[in-house]
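J.: In our numbering, the protein residues as written are 7 to 192. Think of the CB as a built atom: it goes at the ideal place given N, C-alpha and C, for glycine as much as any other residue.
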Ligand code: 5GP
């Protein structure tokens, strides 16, 4: 069997629900930043599918930039050690920064990124996360825009991966347990 979708145990958030909620978030962000400068900072790689849909529902002028962060490696549990793999290419002093992330779990990653970016003196800094595993939080973190709160399950799809794969699934899903075992060549 070569179909990726055959590895899925259950769909947690389907395409219709994603489209609807991402549109709502875009509309809310458009209202909140009306008449203001806006810079979306997407956290690679997981945030990229969310960003590309979200920005098409943001009806105010804005720019996009990218940062790459590593906190998981190939595991399904956060190591708590956050590494910047690629920093922003532009200064953010005086800008209204909105961090766009796929999922907040322990909160370590975004607490670190927000702290780091705050030292660069943006005019404001907020967080927009598609998914929130609130019950797993280890550090306090304000998430200004949340797509969906989800239970404590390791999810893939819509940008989220397991060992680099499954990002292209058009929904958010949980894999069959045997798929979370280490795969050959990984
Ligand atoms: P935190 O630092 O909040 O524990 O973790 C944030 C990062 O962990 C996310 O950006 C994401 O890369 C990864 N992560 C957390 N939970 C999940 C999950 O359920 N699925 C996937 N694919 N990645 C997750």
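1) DSSP three-state label for residue 18, please.
2) Residue 172 to residue 47, Cα distance in whole Å?
3) Ignoring anything shorter than 3 residues or poking outside the region 8-94, list the beta strand (DSSP E) runs there in chain order.
4) Who are the near neighbours of residue 88 in its chain, counting only those whose CB is closer than 8 Å to its CB and skipping five residues on each side?
5) Could you compute how far the alpha carbon of residue 124 sits from the alpha carbon of residue 73?
6) Taking C-alpha atoms, which residue in 174, 92, 107 and 163 lies nearest to residue 19?
7) What does the alpha-carbon distance come out to for the pair residue 160 and residue 109?
8) Could you check which residue in 152, 43 and 23 has the C-alpha nearest to that of residue 99?
9) Does the distance between the C-beta of residue 139 and the nearest non-hydrogen atom of the ligand 5GP fall short of 8 Å?
10) So for residue 103, helix, strand or coil by DSSP?
11) Report the residue ranges of all beta strand (DSSP E) runs contained in full by the region 135-182; include only those spanning at least 3 residues, in chain order.
12) Name the two residues that bound the continuous alpha helix (DSSP H) containing residue 117.
T.: The short version:
1) If you number the chain shown from 1, residue 18 lands on position 12. Three-state result, residue 18: strand.
2) The sequence position of residue 172 within the chain shown is 166, counting from 1. The sequence position of residue 47 within the chain shown is 41, counting from 1. If you take the alpha carbons of residue 172 and residue 47, they lie about 23 Å apart.
3) 14-19, 45-50, 69-76 and 89-92
4) Translated into positions along the chain shown, residue 88 becomes position 82. The residues are 75, 76, 77, 114, 115, 118 and 119.
5) Position 118 of the chain shown holds residue 124. Position 67 of the chain shown holds residue 73. Spanning the two alpha carbons is a distance of roughly 15 Å.
6) For the purposes of this step, residue 19 is taken as residue 13 along the chain shown, with counting starting at 1. Taking only the C-alpha atoms, the option nearest residue 19 is 163.
7) Taking the first residue of the chain shown as 1, we reach residue 160 at position 154. Taking the first residue of the chain shown as 1, we reach residue 109 at position 103. Answer to the nearest angstrom: the Cα atoms are 11 Å apart.
8) Within the chain shown, numbered from 1, the residue matching residue 99 stands at position 93. Measuring from the Cα of residue 99, the nearest candidate turns out to be 43.
9) Reading the chain shown from its first residue, position 133 is the one you call residue 139. Yes, the Cβ of residue 139 comes within 8 Å of a heavy atom of the ligand 5GP.
10) In the chain shown, the residue the question calls residue 103 occupies position 97. Three-state DSSP puts residue 103 in a strand.
11) 151-155 and 178-181
12) Within the chain shown, residue 117 is the residue found at index 111, counting from 1. Start and end: 114-124.
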